[in-house]
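Everything on this sheet refers to the single structure shown next.
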Amino acid sequence: MAKPRILILNCYSDNHRGARGNPWIVPQSIAPAVLAGMLDPARVEIRLACEFRNGPFEDLRALQWADLLVLSGLNPSFDRMKQVTAHARAVNPGIVVAMGGPLARMLPNLSRRYFDYVCGDDAEQMVSLVDAVFGPGHAAEVPMPRHDLLPASRIIGYVESSRNCNFRCSFCAMTAEDRAFMAYDLDDIRRQIDALGYRQCVMFLDQNFFGGPRSYFAARMALLKELFEQGKFGGWAALVTADFFANADNLVRARESGCIGFFSGVESFSRVQLTAFNKKQNLLQPQEEIIQSCLEAGLVFHYGLIFDLVEQRIDELLAETDFIVANPRITLPSFLGFAIPMLGTPLFGTRLREGLLLPNLRLRDMDGRSLVCRPVDPIEKAIAFAALMDSGLLAKRKVAMHAWRFFRRYRTTLSGWGLLSGLANAWAMSYPRLGSNGRDGIRPGREGCRSYLGGSEALGSLYRPRIRIPERYHGHFEPLCVTDADGELHDDLIDDAASLLRPSGGVATIPTYNGVAVP
């Protein structure tokens, strides 16, 4: 009997068929590899693809090859999942299509209109899905991400040591899902790193690498130190919450175990705004002191800024960015974006109830670069600010001066890779379109030109089928609407209102250790 043929695709929300991929952006998704690793490689044939890395997926031969198409992706990728499904069913009528990810949990009822299987559980559900389609017996003996199916690299490799987060920021998809923090067994981490082979940097994709019991964190540092001294990797990096920096010993442990640096969700240097975001962990110390202490310990520090034009005036945000670019003791942000009221988050519920969501808003508008809420400043000023963010909010001359002063200050403190990584933010701030999705690179006056206003952004060529599509699938190329003409919840989402608008007080779920709740 022939092995089941499974195509796993990580979808990404681009606007234009000619959009470039982002193979050099860090981090990359390993969701397809994790899903593939749940299955016995002797029992299935698997192909992986990633639209974030390689651009819009339109390999019709691969869709004809597959018996099962599994789609994953973040919130804005729902439209792409529908579009790929329409193409797949047009060229391969017998294909089975399954989708998972955050929107499988946020929009289970709507999703069933378009997909055969809606997988709302974790990656382990991949086994029950395949068994349901092809019969039992497809589970891997020891689940392990299929790095062998990803593009080869000796520079960066990705692993996970935990799932979910023990904090509940108001805008975060983790808060919407409200899933308990879970730390992996140390032996599992060791197996993942061994399976990677040597990489110059092992990057942990945890939502919060510092979550869970402190004794477990100490044990994980000891494991990484052991593997680092054995030459298993050249260094490692992770995302940590700000409470990590409250204890200076954590930086010492990290450095001794081969750490290169961290990403941490700074979001804002305003305590008022941090409180509004429910980022209580960021109120323990001034943000600039955290960044400086990390850099002085020889570890690079990356972060993003999130602007909320509903709560903040543009003049306040410009003053904040002026403060940052004038301070060579801290890194520049890695990215700038608007606060996104993601479906199911407390921020979404609040903005909807207060009538602050723009009318005719579509899910594809929630990209962090378009206005989706009514700003406190005049709308024309907010649109001009969004356009400035897109072309480079920070003056290039000031960015260049910051880079030079930063280099002189930390050239003997940071490693070569750390220094290069920290200076790369100057490039990101000067040329933000280089790291953004396809529509941002389209010249004014041509299809796809930005309006920066949710509900009026051009859809782009991906919303037109590439091939002849049966009429019953034409709806797959319509954008998912979030609000109607009055700014109320759109009719398409009413059946999922219970999951979109459930009460969420921002209270952290009890953390777990190896799947067991701990006090």
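Mapping of the sequence shown onto the numbering used here: residues 3 to 521, in sequence order. Don't be surprised by glycine CBs; every beta carbon is placed ideally from N, CA and C. All of these numbers come straight from a predicted model, not from anything done at the bench.
Requested in this report: State buried or exposed for Tyr-2, treating a residue as buried only when at least 16 other CB atoms are found within 10 Å of its CB.
Outcome: The chain is shown from 3 up to 521; residue 2 falls before or after that span and cannot be answered.
Report task. Take every Cβ of the stretch 193-212, pair it with every Cβ of the stretch 370-384, and state whether three or more of those distances are shorter than 8 Å. Result -> With the cut-off at 8 Å, the stretch 193-212 and the stretch 370-384 do not touch.
Query raised in the report: Near Ile-8, which residues of its chain fall below 6 Å by C-beta distance, leaving aside the five closest residues on each side in sequence?
Result: Position 6 of the sequence shown, counted from the start, is the residue given in the question as residue 8. Answer for Ile-8: Val-46, Ile-48 and Leu-70, listed in chain order.
Query raised in the report: Nearest to Phe-183 by CA position, among Asp-189, Phe-169, Ile-191 and Gln-194, is which residue?
Result: To locate residue 183, count along the sequence shown from 1; it is residue 181. Closest option to Phe-183, Cα to Cα, is Phe-169.
Report task. List in chain order: all unbroken beta strand (DSSP E) runs of 3+ residues lying wholly within the stretch 256-317. Result -> For the stretch 256-317, whole beta strand (DSSP E) runs of length 3 or above, ordered along the chain, are 261-265, 302-304 and 306-309.
Requested in this report: Write down every uninterrupted run of the alpha helix (DSSP H) in the stretch 161-232 whose length is 4 residues or greater and which is fully enclosed by it, in chain order.
Outcome: 175-179, 188-198 and 216-231
Query raised in the report: Taking Cβ to Cβ, would you say Ser-15 is nearer than 8 Å to Arg-366?
Result: To locate residue 15, count along the sequence shown from 1; it is residue 13. To locate residue 366, count along the sequence shown from 1; it is residue 364. Yes, Cβ-Cβ distance for Ser-15 and Arg-366 is below 8 Å.
Query - C-alpha distance - Asp-61 paired with Cys-261, whole-angstrom precision - result: Counting from 1 along the sequence shown, the entry for residue 61 is found at position 59. Counting from 1 along the sequence shown, the entry for residue 261 is found at position 259. The alpha-carbon atoms of Asp-61 and Cys-261 are separated by roughly 39 Å.
Query raised in the report: When DSSP labels each residue in this structure, what does Phe-235 get in the three-state scheme?
Result: Taking the first residue of the sequence shown as position 1, residue 235 is located at position 233. Looking at Phe-235 - three-state DSSP - the assignment turns out to be strand.
Query - Straight-line gap, Val-327 to Ile-293 (C-alpha atoms, nearest Å) - result: Along the sequence shown, one-based indexing puts residue 327 at 325. Along the sequence shown, one-based indexing puts residue 293 at 291. C-alpha separation (whole angstroms): 14 Å.
Requested in this report: Compute the minimum distance between the beta carbon of Ser-164 and the heavy atoms of the ligand MN, and state whether it is under 7 Å.
Outcome: Absence of the ligand MN is noted for the structure shown, with no ligands found whatsoever.
Query raised in the report: Cβ atoms of Leu-241 and Ile-195: under 8 Å apart, would you say?
Result: In the sequence shown, counting from the first residue as 1, residue 195 sits at position 193. In the sequence shown, counting from the first residue as 1, residue 241 sits at position 239. Cβ atoms of Ile-195 and Leu-241: not closer than 8 Å.
Report task. Measure the Cβ-Cβ separation of Thr-323 and Leu-396 and say whether it is below 8 Å. Result -> Taking the sequence shown and counting its residues from 1, one reaches residue 323 at position 321. Taking the sequence shown and counting its residues from 1, one reaches residue 396 at position 394. Judged by beta-carbon spacing, Leu-396 lies within the 8 Å limit of Thr-323, meaning their Cβ atoms are closer than that value.
Query - Per DSSP, cross-strand counterpart(s) of Cys-52 - result: For the purposes of this step, residue 52 is taken as residue 50 along the sequence shown, with counting starting at 1. Looking at the DSSP assignment, Cys-52 forms a beta bridge with Asn-12.
Query raised in the report: Grouping DSSP H, G and I as helix and E and B as strand, with all else coil, what is Val-520?
Result: Position 518 of the sequence shown holds residue 520. Any answer about Val-520 is weak, because its pLDDT of 27 lies below 50 and its placement is not dependable; what the coordinates show is given next. Here Val-520 sits in coil by DSSP.
**Report entry** For Met-101: DSSP bridge partner residues
**Finding:** Counted from its first residue, the sequence shown places residue 101 at position 99. Answer by DSSP bridge pairing, in chain order: Leu-73 and Val-120.
Query raised in the report: With DSSP run on the structure shown, which of helix, strand or coil describes Leu-65?
Result: Translated into the one-based positions of the sequence shown, residue 65 becomes position 63. Assigned with DSSP and collapsed to three states, Leu-65 falls in helix.
Query raised in the report: Which whole-angstrom value describes the C-beta separation of Ala-214 and Ser-164, a residue pair presumed to lie in contact below a C-beta threshold of 8 Å?
Result: As a working note, residue 214 is residue 212 in the sequence shown. As a working note, residue 164 is residue 162 in the sequence shown. The identity of residue 214 in the sequence shown is Gly, whereas the question assumes Ala. Confirmed, about 7 Å.
Query raised in the report: DSSP state of Thr-333, grouped into three classes?
Result: Taking the sequence shown and counting its residues from 1, the one referred to as residue 333 is at position 331. Note: Thr-333 maps to coil in three-state DSSP.
Query raised in the report: Should Ile-414 be labelled buried (16 or more other beta-carbon atoms within 10 Å of its own) or exposed?
Result: Counting from one through the sequence shown, the residue named residue 414 turns up at place 412. The amino acid occupying residue 414 in the given sequence is Thr; Ile does not appear at that position. Classification for Thr-414: exposed.
Query raised in the report: CA-CA distance, Arg-445 and Tyr-433?
Result: Here residue 445 corresponds to residue number 443 of the sequence shown, with the count starting at 1. Here residue 433 corresponds to residue number 431 of the sequence shown, with the count starting at 1. Note that Arg-445 has pLDDT 47, beneath the 50 cutoff, so the model's placement of it is unreliable and no number is given.
Query raised in the report: Does the count of Cβ pairs from the stretch 302-318 and the stretch 334-342 closer than 8 Å reach three?
Result: yes
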